[in-house]
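Asker: Dropping a structure here in structure tokens format, bear with me for questions.
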Amino acid sequence: MIKIVMSKILVIYVDIDDDLGKIGLSTPIIGEEKVAKTINIASESIPTDSDFNTMVVAYNIYKKLKKESMDVEIAFISGSEKNTIESQIDFSRKLDEALSVTKAEEAIIVYDSPEDAKAIPIIQSKLKVIGIERVLVEQYRGIEETYALLGRYIKKAITEPRFARLFLGVPGLILVVLGIFSILNLTAYATPSILIIVGVALLARGLRIDEYIEQWWENSTIMVIAAIISLISVILGIIEGYYVATSIREISDVASIIGIVTSMLPFVAFSIIVLFGAKAVNKIINKDIIKIWHDIFKIISVIIIYYMVS
């Protein structure tokens, strides 16, 4: 008689941005009893949220498989409210914890949002995925329900950092620019400035530049501050070069061009020195004293070249 050994299946509800943490629950939550209690708590705290519906779907899938006598377990696993990378790292760590308890070999993934979908490759790297269920909740109809739904989205845009940066930060910056231009009687430049701000914001969000900057900030705050100071210095140098160029009637000879470049040199040199200096400080903090002389040599070289040229 051949004995068929069934692999253990883990039904995973994915909560990559830690909505469960917002209602005071920590994950991983493993097992039917604990999951049922979690759903009861969520039914009181977030009954209209799509996450609650997704939890119920995951639980129903688990119950159905268990009824069919399959070797199955269920777990709710969250990431964190931090940036995407840290959230994925937290999710991976909690998944390992759940696997050490359940000893599962296969997984059924249940999720609802595109953000949650980022956890799928993490699960696939650790388990054989035999099923994926994305829950799409039909939205309420009617004027009152629409206003209520809109209110929830507005609240989300204000309270959640990843949305607030775009929905509050950009309009706030636009209002500040409009106010400054109004005071300086430069309203003619308002529209181009707004287009630039919106364009930069969309570009940053689309290419996830804000996430990279946040990650860079967490890894090396000194380098970020130095980069900002250097950028400001370069911008001031460009402005200085522009004013020198406008003061020259005809930029036709080599002397005029040299004058413009020379006016910009102090700002450019300062920005380079700041960057190398920040790298040196960073190496001191990381106790990488041997390589610090490279940056010191670069700083001295920049100073010498500056005085030779100027």
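Residue numbers for the sequence shown follow the numbering used here, so the first one is 521 and each next one is one higher. For every residue, glycine included, the Cβ atom is placed at its ideal position computed from N, Cα and C. In this text the structure is predicted, and so the values were computed from the model without any measurement.
1) For the alpha helix (DSSP H) containing Val592, list its first residue and its last residue.
2) Is Gly757 near the ligand GDP, with its Cβ less than 6 Å from a heavy atom?
3) I'd like the span of the alpha helix (DSSP H) that includes Gly699, first residue to last.
4) Under three-state DSSP, which class holds Gly719?
5) Is the separation between the beta-carbon of Ser633 and that of Asp535 shorter than 7 Å?
6) Take Thr604 and list the residues in its own chain whose beta-carbon comes closer than 6 Å to its own, dropping the five residues that flank it on each side.
7) Drop a sphere of 10 angstroms on the beta-carbon of Val696, count the other beta-carbons inside from all chains shown, and report buried for 16 or more, exposed for fewer.
8) On the DSSP letters alone, give me the boundaries of the beta strand (DSSP E) that Glu651 sits inside.
9) Give the single residue among Thr568, Val531, Gln608 and Glu626 whose Cα lies nearest to the Cα of Lys584.
10) Buried or exposed: which applies to Lys638, given that a residue is buried once 16 or more other Cβ atoms fall within 10 Å of its Cβ?
11) Select from Glu606, Glu653, Met743 and Val754 the residue whose C-alpha is nearest the C-alpha of Ile804.
12) Flag this pair as yes or no: are the beta carbons of Ala618 and Ile550 separated by less than 7 Å?
13) Just checking my contact of Ile640 with Ile628 at CB under 8 Å: how many whole Å lie between their CB atoms?
14) Can you tell me whether DSSP reads Asp535 as helix, strand or coil?
15) DSSP three-state label for Glu626, please.
16) Assign Met575 to buried or exposed, taking buried as 16 or more other Cβ atoms, counted over all protein chains shown, within 10 Å of its Cβ.
Answerer: In this structure, then:
1) The sequence position of residue 592 within the sequence shown is 72, counting from 1. No alpha helix (DSSP H) holds Val592; the beta strand (DSSP E) holding it covers Val592 to Ser598.
2) Annotation note on the ligand GDP: not contained in the displayed structure, which lists no ligands.
3) Reading the sequence shown from its first residue, position 179 is the one you call residue 699. Boundaries of the alpha helix (DSSP H) harbouring Gly699: Val690 to Ile703, taken from the DSSP string.
4) As a working note, residue 719 is residue 199 in the sequence shown. Gly719: helix per DSSP, three-state reduction.
5) Here the question's residue 633 lines up with position 113 in the sequence shown. Here the question's residue 535 lines up with position 15 in the sequence shown. Not in contact: Ser633 and Asp535 (Cβ atoms no closer than 7 Å).
6) Position 84 of the sequence shown holds residue 604. Once the five neighbours on either side are set aside, the close Cβ partners of Thr604 are Glu731.
7) Numbered from its first residue, the sequence shown carries residue 696 at position 176. With fewer than 16 Cβ atoms within 10 Å of its Cβ, Val696 is classed as exposed.
8) Within the sequence shown, residue 651 is the residue found at index 131, counting from 1. In the sequence on display, residue 651 carries Gly and not Glu. Per DSSP, Gly651 belongs to the beta strand (DSSP E) from Lys648 to Arg654.
9) Translated into positions along the sequence shown, residue 584 becomes position 64. Out of Thr568, Val531, Gln608 and Glu626, Val531 has the C-alpha closest to the C-alpha of Lys584.
10) On the sequence shown, position 118 is the one that residue 638 refers to. With a 10 Å radius around the Cβ and a threshold of 16 neighbouring Cβ atoms, Lys638 comes out buried.
11) The sequence position of residue 804 within the sequence shown is 284, counting from 1. For the set Glu606, Glu653, Met743 and Val754, the Cα lying nearest the Cα of Ile804 is the one of Met743.
12) Locating residue 618 in the sequence shown gives position 98, where the first residue counts as 1. Locating residue 550 in the sequence shown gives position 30, where the first residue counts as 1. Result yes, Cβ atoms of Ala618 and Ile550 sit closer than 7 Å.
13) Counted from its first residue, the sequence shown places residue 640 at position 120. Counted from its first residue, the sequence shown places residue 628 at position 108. Incorrect: roughly 12 Å between the Cβ atoms, too far for contact.
14) Indexing the sequence shown from 1 puts residue 535 at position 15. Looking at Asp535 - three-state DSSP - the assignment turns out to be strand.
15) Your numbering for residue 626 matches position 106 in the sequence shown. Correct three-state label for Glu626: strand.
16) As a working mapping, residue 575 is identified with position 55 in the sequence shown. Classification for Met575: buried.
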